[in-house]
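Okay, so the sequence shown: first residue is 2 according to this note's numbering, each after it adds one. C-beta atoms are modelled at their ideal positions from N, C-alpha and C, and glycine is treated no differently.
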Amino acid sequence: MTVSESESDEPGGSGTTSAVPRGSGGVALTDAAREVFAERGYHGASIRDVAKRAGLSLSALYYWHSGKQELLAALLEDGVNDYFRTCESALRTTEADPASRLCALVRATVDYRVRRRVDSTIAAQEFRNLEQPHAQRLVTLRESATRLWQDIIDEGVRDDVFRCAYPRDARRAIQAACNAIAQWYAPDGDVEPGELAERYVSIALRIVDRAPQVHDRRKASAPPRGSTADPAP
2 MTVSESESDE PGGSGTTSAV PRGSGGVALT DAAREVFAER GYHGASIRDV
52 AKRAGLSLSA LYYWHSGKQE LLAALLEDGV NDYFRTCESA LRTTEADPAS
102 RLCALVRATV DYRVRRRVDS TIAAQEFRNL EQPHAQRLVT LRESATRLWQ
152 DIIDEGVRDD VFRCAYPRDA RRAIQAACNA IAQWYAPDGD VEPGELAERY
202 VSIALRIVDR APQVHDRRKA SAPPRGSTAD PAP
């Protein structure tokens, strides 16, 4: 559909994508696209389906986006940007050592996958339907996330904090485990998000084989209480 001359300089009229739509109409469209894509898939959904779900006319939809491809790109980019905001917030408030940073990153990722389960599922299933240049933008963002994880793990290995022999495989395993939460987590299940995050922190630290901390090593080497063993010379 051709955008009318009166709409040509409105948001989205140029064919550009806004990852965070402006105004209530844009938010309504993003929410509607999320629901429709989740229910029917990208190819099963039509632009009319999205407009109808949002309670807007087609002309109002084209006010914001040039078509279904832009809607998908905006939805996925918004999700990735929210993930980065979540991670950055967590990392700003933690200690600088690699173990603390890895724990913060795991907690942030679990939080995101729980909060945005639908978005995570859509991203996993529909990314392949993104066309250029949208696909390359998402690839670049995903590569940035991978580097964030890998840099922390590599630093831990260099500092002898993590003893895993295969840092890249460790990163893949932790990321895959955290990302898969969106596929099975149920809000009405038997584990709260906070408890789930701590479980995954424990799993992640085992995967990277975190070295015992100083006080842990001292505790492990101390004789049991009441032991009659001779003290070390």
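Q) Going straight from the alpha carbon of residue 15 to that of residue 112, what length do you get? A) Its pLDDT being 36, under 50, residue 15 is placed unreliably by the model, and the measurement read from it follows with that caveat. Pairing residue 15 with residue 112, the inter-Cα distance amounts to about 35 Å.
**Q.** Cβ neighbour criterion (16 or more within 10 Å) applied to residue 160
**A.** exposed
(Q) In this structure, how does DSSP classify residue 211 when only helix, strand and coil are distinguished? (A) strand
**Q.** Test item: CB-CB of residue 108 and residue 163 under 8 Å
**A.** no
Q: Grab me the residues of residue 43's own chain with a C-beta within less than 7 Å of its C-beta, minus the 5 sequence neighbours each way, in chain order.
A: 73, 127 and 130
**Q.** C-alpha gap between residue 122 and residue 193, whole angstroms
**A.** Rounded to the nearest whole angstrom, the C-alpha separation of residue 122 and residue 193 is 20 Å.
(Q) Can you tell me whether residue 185 is buried or exposed? The criterion is at least 16 other CB atoms within 10 Å of its CB, across all chains shown. (A) Classification for residue 185: exposed.
Q: Determine the contact status of residue 157 and residue 81, defining contact as a CB-CB distance below 8 Å.
A: no
Q: Measure the CB-CB distance between residue 31 and residue 76 and report whether it falls below 8 Å.
A: yes
**Q.** Short Cβ contact (8 Å threshold) for residue 115 with residue 182
**A.** yes
Q. Nearest-angstrom Cα distance between residue 49 and residue 28?
A. CA-to-CA, the gap between residue 49 and residue 28 works out to about 17 Å.
Q. What residue from 190, 147 and 155 has the CA that sits closest to residue 180's CA?
A. 147
Q) residue 120: buried (16+ other C-beta within 10 angstroms of its C-beta) or exposed? A) buried
Q) Could you check where the alpha helix (DSSP H) with residue 184 kicks off and where it finishes? A) 182-185
Q: Run the CB neighbour count on residue 110, radius 10 Å, all protein chains shown included, and call it buried at 16 or more, exposed below.
A: buried
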